[in-house]
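Quick note on numbering: the sequence shown equals residues 5 to 288 in our numbering. Heads up, the beta-carbon is just placed ideally off N, CA and C, and yes, glycines get one too. Have a look at the structure below, then the notes.
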Amino acid sequence: MIHKSRGDRRAQNDKIHPTRAPEIPLESLKSARRMAPSASPEPRHSLRLPTLQILIHISEISTAKESAIKSTNGRAILCRMNTIPLTSKGVATRELILARAFELAREDGMEGLSIGSVATSAGMSKSGVFAHFGSREQLQLALLEAVAARFLEFVKAPAIREPRGLPRLRKIAERWSEWGRANQSGCVLLSAAVEYDGRSHGPLRERVLRQQSDWRNELRRAIQIAIDVGHLRRDTDSAQLAFELYALMLGLHHDAGLFGYEQARVRSDAALERLFASYREERK
Numbered sequence: 005m006i007h008k009s010r011g012d013r014r015a016q017n018d019k020i021h022p023t024r025a026p027e028i029p030l031e032s033l034k035s036a037r038r039m040a041p042s043a044s045p046e047p048r049h050s051l052r053l054p055t056l057q058i059l060i061h062i063s064e065i066s067t068a069k070e071s072a073i074k075s076t077n078g079r080a081i082l083c084r085m086n087t088i089p090l091t092s093k094g095v096a097t098r099e100l101i102l103a104r105a106f107e108l109a110r111e112d113g114m115e116g117l118s119i120g121s122v123a124t125s126a127g128m129s130k131s132g133v134f135a136h137f138g139s140r141e142q143l144q145l146a147l148l149e150a151v152a153a154r155f156l157e158f159v160k161a162p163a164i165r166e167p168r169g170l171p172r173l174r175k176i177a178e179r180w181s182e183w184g185r186a187n188q189s190g191c192v193l194l195s196a197a198v199e200y201d202g203r204s205h206g207p208l209r210e211r212v213l214r215q216q217s218d219w220r221n222e223l224r225r226a227i228q229i230a231i232d233v234g235h236l237r238r239d240t241d242s243a244q245l246a247f248e249l250y251a252l253m254l255g256l257h258h259d260a261g262l263f264g265y266e267q268a269r270v271r272s273d274a275a276l277e278r279l280f281a282s283y284r285e286e287r288k
């Protein structure tokens with residue numbers, strides 16, 4: 005048997021593994037690791053963002069989202085609580101949750117919503133819903149914002165394209181009536197107003213109050229424009245006319261659910277014509 009020296013064995017290994025790096029002692033590696041600066045952890049994105057749009061109709065996601073982001077008169081339609089971006093999958097999941105919450109709220113009201121019922125409807129776990137909203141109240145607030153954005157897109161946006169004055173006011177009434185057709189089984193915004201009007205405080209009541217006040221002010225502005233251009237009498241009380249318009253729409257929603265939309269729409273249209281006629285400037 006021929007015994008090879010350590011040098012001979014090392015030379016033979018170098019021929020077999022010509023590119024192998026030289027071994028570094030373990031203690032040297034540990035020392036280098038201690039001296040190297042620690043890397044900062046990758047940032048984790050928060051999932052608690054209010055939705056840009058609700059999936060009232062799944063096929064309208066892209067159009068609705070684009071319209072909701074745009075502003076009218078320089079103001080954004082949706083209020084954002086956070087600006088950290090979500091992945092497209094996260095946004096889609098969030099919209100799916102809100103779509104299911106919307107359908108449940110139409111039947112059971114805002115107070116009928118629960119994390120469990122929404123998770124079951126969306127085919128998710130409760131923890132999955134919590135990951136996007138954090139609490140039942142945050143889910144309710146996000147739903148109110150999403151439906152309000154959809155309402156403005158459906159009613160106000162088409163009216164803005166009409167000429168100033170009575171034509172624009174008529175378009176608001178027309179689109180508002182059509183909103184009643186699309187929500188015959190229940191309007192989440194009106195249901196929320198009924199549910200929270202008797203509460204003395206709380207984030208949900210404050211959000212409903214702000215939304216209703218903002219819409220009433222939009223009506224008053226449209227009425228005032230009609231007065232300024234001479235389509236309505238100079239002595240028109242814009243707040244009173246806004247109240248009367250709102251009352252007519254409440255009547256339409258009420259009767260549409262009980263007696264059918266078409267019959268209720270005929271009545272409300274006739275009432276609107278008489279209302280506008282009573283405020284129009286008389287021609288001599």
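For H205, there is no enclosing alpha helix (DSSP H), as DSSP marks it with neither H nor E. Per the DSSP secondary-structure output, L236 pairs in a beta bridge with R284. N187 sits in coil when the DSSP states are folded into three classes, being neither helix nor strand. A Cβ-Cβ contact shorter than 8 Å links E115 with E199. Following the DSSP letters along the chain, one finds S125 inside the alpha helix (DSSP H) bounded by residues I119 to A126. A direct Cα-Cα distance of roughly 11 Å separates G132 from V122.
With fewer than three CB-CB distances shorter than 8 Å, the segment 232-245 does not count as touching the segment 261-268. The Cβ atoms of E166 and K160 do not sit closer than 8 Å to each other. For A96, the closest alpha carbon among the candidates H257, R269, H136 and E248 is that of H136. Under the three-pair Cβ rule at 8 Å, the segment 195-210 does not count as touching the segment 269-287.
The DSSP-derived three-state label of G132 is helix.
For M114, no alpha helix (DSSP H) run applies, since DSSP gives it neither H nor E. When secondary structure is reduced to three states using DSSP, T91 falls in the coil class, being assigned neither helix nor strand.
A Cβ-Cβ separation of about 6 Å places R284 in contact with L236 under the 8 Å criterion. The segment 138-195 contains, as complete alpha helix (DSSP H) runs of 4+ residues, the segments 140-164 and 170-186 (chain order). Judged by beta-carbon spacing, G184 lies beyond the 8 Å limit of E111, meaning their Cβ atoms are not closer than that value.
Under the three-state reduction of DSSP, G264 is assigned to coil, being neither helix nor strand.
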